[in-house]
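Data first, discussion second: the structure below is written as C-alpha cells.
There are 2 protein chains.
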Amino acid sequence: MSKHKDIGPQDEAAGPTGREKLLSAALKLAAKSRNLSTIGVRELGREAGLNPNTFYRHFTDLDDLSMALIDQLGKELRVPLQALRRSIVSREENAVRTVELVFDFAKDHPDVFIVGVRELYGASPRVREALRRTIGEVAGDLAEDMRVMQITPGLDDKTARELAEVVAVQTFHSTLDYLEHPDQRSEILRRVVQFINALFVGAMAIQAGLPLATMVSTQKLKKPD
Amino acid sequence: MSKHKDIGPQDEAAGPTGREKLLSAALKLAAKSRNLSTIGVRELGREAGLNPNTFYRHFTDLDDLSMALIDQLGKELRVPLQALRRSIVSREENAVRTVELVFDFAKDHPDVFIVGVRELYGASPRVREALRRTIGEVAGDLAEDMRVMQITPGLDDKTARELAEVVAVQTFHSTLDYLEHPDQRSEILRRVVQFINALFVGAMAIQAGLPLATMVSTQKLKKPD
DNA sequence: CTTGATGGTAGACACTCGTATACATCGCTG
DNA sequence: CAGCGATGTATACGAGTGTCTACCATCAAG
Numbered sequence: 001m002s003k004h005k006d007i008g009p010q011d012e013a014a015g016p017t018g019r020e021k022l023l024s025a026a027l028k029l030a031a032k033s034r035n036l037s038t039i040g041v042r043e044l045g046r047e048a049g050l051n052p053n054t055f056y057r058h059f060t061d062l063d064d065l066s067m068a069l070i071d072q073l074g075k076e077l078r079v080p081l082q083a084l085r086r087s088i089v090s091r092e093e094n095a096v097r098t099v100e101l102v103f104d105f106a107k108d109h110p111d112v113f114i115v116g117v118r119e120l121y122g123a124s125p126r127v128r129e130a131l132r133r134t135i136g137e138v139a140g141d142l143a144e145d146m147r148v149m150q151i152t153p154g155l156d157d158k159t160a161r162e163l164a165e166v167v168a169v170q171t172f173h174s175t176l177d178y179l180e181h182p183d184q185r186s187e188i189l190r191r192v193v194q195f196i197n198a199l200f201v202g203a204m205a206i207q208a209g210l211p212l213a214t215m216v217s218t219q220k221l222k223k224p225d
Numbered sequence: 001m002s003k004h005k006d007i008g009p010q011d012e013a014a015g016p017t018g019r020e021k022l023l024s025a026a027l028k029l030a031a032k033s034r035n036l037s038t039i040g041v042r043e044l045g046r047e048a049g050l051n052p053n054t055f056y057r058h059f060t061d062l063d064d065l066s067m068a069l070i071d072q073l074g075k076e077l078r079v080p081l082q083a084l085r086r087s088i089v090s091r092e093e094n095a096v097r098t099v100e101l102v103f104d105f106a107k108d109h110p111d112v113f114i115v116g117v118r119e120l121y122g123a124s125p126r127v128r129e130a131l132r133r134t135i136g137e138v139a140g141d142l143a144e145d146m147r148v149m150q151i152t153p154g155l156d157d158k159t160a161r162e163l164a165e166v167v168a169v170q171t172f173h174s175t176l177d178y179l180e181h182p183d184q185r186s187e188i189l190r191r192v193v194q195f196i197n198a199l200f201v202g203a204m205a206i207q208a209g210l211p212l213a214t215m216v217s218t219q220k221l222k223k224p225d
C-alpha cells in the first residue's frame with residue numbers, strides 16, 4: 001500500500017492537484033450556472049485547464065465527483081462552524097450570534113452554500129442523502145450545544161433534536177436569501193432570529209403546558225365532547 | 001384579434017392541445033429525472049409524441065416553457081388549497097387539518113411538488129422568482145385565514161405574515177419527505193404540526209412579553225452594560 | 001374558392017458530448 | 001538502470017442536441 005506520494009488532503013506547498021482542480025472547477029460551475037449532475041465532463045476539464053479525459057483518472061462518474069465534493073463541503077462547513085460556536089461563551093444573544101456567524105461564513109464561501117442548497121433538493125438521490133446527513137450532523141452539534149448551554153431548559157432531548165434540525169435547515173436556506181439580497185441582510189437576519197426564538201419559546205411553553213399554548217395547539221389534547 | 005379558435009385554458013372535450021402535451025411532458029420528465037432547464041427539446045418532443053420542432057411553435061425557450069408551467073402549477077395549487085382550507089370551520093385542530101389536506105393534495109399531484117421544490121432553488125432566477133411569488137401568495141392566504149379565524153390573537157399583522165411565510169415554505173419542503181418516505185408519513189405529519197404550533201405559540205408568547213420568553217430571546221432587549 | 005395564419009412534420013447542418021484507445025511523463029521501488 | 005503505477009494528453013468515433021429552412025394540413029375569413 002501507499003507506494004507513492006501520500007495523496008492525502010494536500011500536504012502543503014505545490015499547486016493544487018488535478019483532482020482538486022476538478023473539484024473546485026465543479027463547485028464554481030455548479031454555483032454560477034446549473035445543477036451538479038448536468039455539468040459536462042468536457043466543460044469541467046476546460047474550466048480546470050485539463051484534458052477532458054483526466055476526469056476519468058480521478059472519478060468514474062459525475063455522481064462520484066458530486067459525492068466527493070459533498071464530503072469536502074461537509075468538512076469545510078461543519079468543523080469551522082463548531083469552532084465558531086465554541087467562541088460564543090455567553091448564553092445571551094446566542095441565536096443572533098450564531099446566525100451572524102453562519103451568515104458571515106456564507107459570505108466567505110458563497111459557492112458552497114449555493115450548491116449545497118441546490119443539491120439538497122436536486123435530482124440525485126445519493127447527493128441529496130449525503131447533504132441531508134451533513135446537515136443532520138450540524139443539527140446534532142447544535143442540539144448538543146443547546147443542551148450544554150441550557151438554551152432550552154425543560155425540553156426533552158428528542159424534541160430538542162427535532163427543533164435543531166428545523167433550525168439548521170431553515171438557516172441553511174436563509175443563507176441563499178442573505179447572499180442574493182445584500183440590501184436586505186439585516187432584515188433577513190432579524191427574521192431568522194425571530195423565527196428561532198419563537199420556535200424555542202413555543203416548544204418550551206407547550207412542553208410546560210402553559211395555558212396560552214393550548215389556545216393554538218389543541219390537537220388531540222382534549223376532544224370537545 | 002382572435003381570428004381562430006379561442007385557444008384558452010382548454011374548453012372541454014377534444015384531446016389535449018400540443019402545448020398542453022408539451023407542458024405535461026415537461027412536468028413528467030422534470031419530476032422523474034432532472035432539472036427543468038436541462039430537459040432537451042428533442043427529449044421533450046419525444047415524450048409528448050410530437051416533432052421536436054413543434055416546441056418552437058409554442059415556446060421560444062425552455063425558460064419560457066418553465067415560466068408557463070410555473071404559472072399553471074401555481075393555479076393548480078393555490079385555488080384548490082384555498083377551497084380546501086375553507087372547508088375547515090372549526091378553529092380547533094386547524095394546523096393538523098390544514099397540513100393533512102396539503103399532504104393529501106401532494107399525494108395526488110406528486111410531480112407538481114417535486115418539481116416545485118426542485119426549482120425553488122434551481123438554476124434559473126426567473127423560475128425561482130416566480131415560484132417564490134406563488135408561495136408568497138399562498139402564505140398570504142394563510143395569513144389572512146389566521147387573522148380571520150383568530151388563530152394567533154394578539155399578533156401584529158407583519159409578524160403573522162412572516163410566520164405564515166415560514167410555515168408555507170416549511171410545509172412545502174416537508175411535502176417531499178412525505179412523498180419520499182411513505183412509511184414515516186404520520187411521523188412527518190406530527191413533526192410539521194409540532195413545528196407550526198411551537199412557532200405560533202412562541203411568537204405570541206414573545207409578543208405578549210411572557211417571562212419565559214425572555215429566557216431565550218434576550219437579544220438586544222437589555223445589553224449587559 | 002382563394003388566402004393566410006396556425007400547428008405539425010421532415011430533413012439537414014454544425015455542434016457538443018461521453019468515452020474508448022493509444023501515447024507521454026514523472027517519480028517511486030526494486 | 002529497468003519497471004511500473006499514477007497522472008495527464010491526443011485523437012477519434014458515434015450518438016444526441018439546438019435550430020434553420022422548407023413543406024403539409026386544417027380551418028376560418030374574405
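Sequence order for the protein chains is P and W.
For the first sequence, UniProt numbering begins at 1 and goes up steadily by one.
For the second sequence, UniProt numbering begins at 1 and goes up steadily by one.
Every residue gets a Cβ at the ideal spot worked out from N, C-alpha and C, and that includes glycine.
C-beta neighbour in chain P for residue i, strict 8 angstroms
{"i": "W/Phe113", "result": "no"}
{"i": "W/Val117", "result": "yes"}
{"i": "W/Ala25", "result": "no"}
{"i": "W/Glu129", "result": "no"}
As assigned by DSSP and simplified to three states, the class of residue i
{"i": "residue 250 of chain W", "result": "The first residue shown for chain W is 1 and the last is 225, placing residue 250 of chain W beyond what the model contains."}
{"i": "P/Asp64", "result": "helix"}
{"i": "P/Leu155", "result": "coil"}
{"i": "P/Pro16", "result": "coil"}
{"i": "W/Arg34", "result": "coil"}
{"i": "W/Gln150", "result": "coil"}
{"i": "W/Gly122", "result": "coil"}
{"i": "W/Glu93", "result": "coil"}
{"i": "W/Gln109", "result": "One detail in the question is off: residue 109 of chain W reads as His in this sequence, not Gln. In the structure shown, W/His109 sits in coil (DSSP, three-state: anything other than H, G, I, E or B)."}
{"i": "W/Ile70", "result": "helix"}
{"i": "W/Gly116", "result": "helix"}
{"i": "P/Gly209", "result": "coil"}
{"i": "W/Ser87", "result": "coil"}
{"i": "W/His181", "result": "coil"}
{"i": "P/Ile135", "result": "helix"}
{"i": "P/Ile196", "result": "helix"}
{"i": "P/Ile188", "result": "helix"}
{"i": "W/Asp104", "result": "helix"}
{"i": "W/Phe59", "result": "coil"}
{"i": "W/Gly140", "result": "helix"}
{"i": "W/Gly40", "result": "coil"}
{"i": "P/Lys222", "result": "Because P/Lys222 carries a pLDDT of 35, less than 50, the predicted location of this residue cannot be relied on, and no value is offered for it."}
For residue j and residue i, believed in contact at Cβ under 8 angstroms, the rounded distance
{"i": "W/Val201", "j": "P/Phe195", "result": "In fact, because the Cβ distance is near 13 angstroms, the residues do not count as touching under 8 angstroms."}
{"i": "P/Glu76", "j": "P/His109", "result": "7 angstroms"}
{"i": "W/Ala26", "j": "W/Leu36", "result": "7 angstroms"}
{"i": "P/Val96", "j": "P/Val193", "result": "5 angstroms"}
{"i": "W/Val138", "j": "W/Arg57", "result": "Not really, about 33 angstroms apart at Cβ, beyond 8 angstroms."}
{"i": "P/Leu189", "j": "P/Glu93", "result": "Not quite, the Cβ-Cβ distance comes to about 12 angstroms (not below 8 angstroms), so this is no contact."}
{"i": "P/Leu199", "j": "W/Leu199", "result": "5 angstroms"}
Where residue i meets chain P, residues with beta-carbon distance less than 9 angstroms
{"i": "W/Glu43", "result": "The contacting residues do not exist; W/Glu43 stays about 13 angstroms from chain P at best."}
Cβ shell of residue i (< 6 angstroms), same chain only, five flanking positions each side left out
{"i": "P/Arg34", "result": "none"}
{"i": "W/Thr134", "result": "Gly74"}
{"i": "W/Arg19", "result": "His58"}
Residues near residue i by beta carbon distance below 7 angstroms, same chain, minus five either side
{"i": "P/Asn51", "result": "Gly45"}
{"i": "P/Phe55", "result": "Leu22, Val41, Leu44 and Gly45"}
{"i": "P/Leu131", "result": "Ile70, Gly116, Glu119 and Leu120"}
{"i": "P/Pro80", "result": "Phe105"}
{"i": "W/Ser174", "result": "Ile188 and Val192"}
Neighbouring residues, chain W, relative to residue i (Cβ below 8 angstroms)
{"i": "P/Leu176", "result": "Tyr121"}
{"i": "P/Thr38", "result": "Arg34, Asn35 and Thr38"}
{"i": "P/Leu199", "result": "Phe195, Ala198, Leu199 and Gly202"}
Below-8 angstroms beta-carbon distance, residue i vs any chain W residue
{"i": "P/Ala164", "result": "no"}
{"i": "P/Arg85", "result": "no"}
{"i": "P/Ala205", "result": "yes"}
{"i": "P/Ala13", "result": "For P/Ala13, the predicted structure reports a pLDDT of 47, less than 50, and the residue's modelled location is therefore unreliable. A value from the coordinates is still provided. Answer no: the Cβ-Cβ gap between P/Ala13 and chain W never drops below 8 angstroms."}
Same chain, Cβ closer than 8 angstroms to residue i, five either side skipped, listed in chain order
{"i": "P/Gln207", "result": "Gly154, Leu155, Asp156 and Thr159"}
{"i": "W/Arg128", "result": "Glu119, Leu120, Tyr121 and Gly122"}
Listed by chain order, chain P residues near residue i by CB distance under 7 angstroms
{"i": "W/Asn191", "result": "According to the sequence provided, residue 191 of chain W is Arg. The question's Asn does not apply to it. Chain P residues near W/Arg191: Glu162."}
Any non-hydrogen atom of the ligand ADP closer than 7 angstroms to residue i Cβ
{"i": "P/Asn35", "result": "Absent from the structure shown: the ligand ADP. Ligands present: none."}
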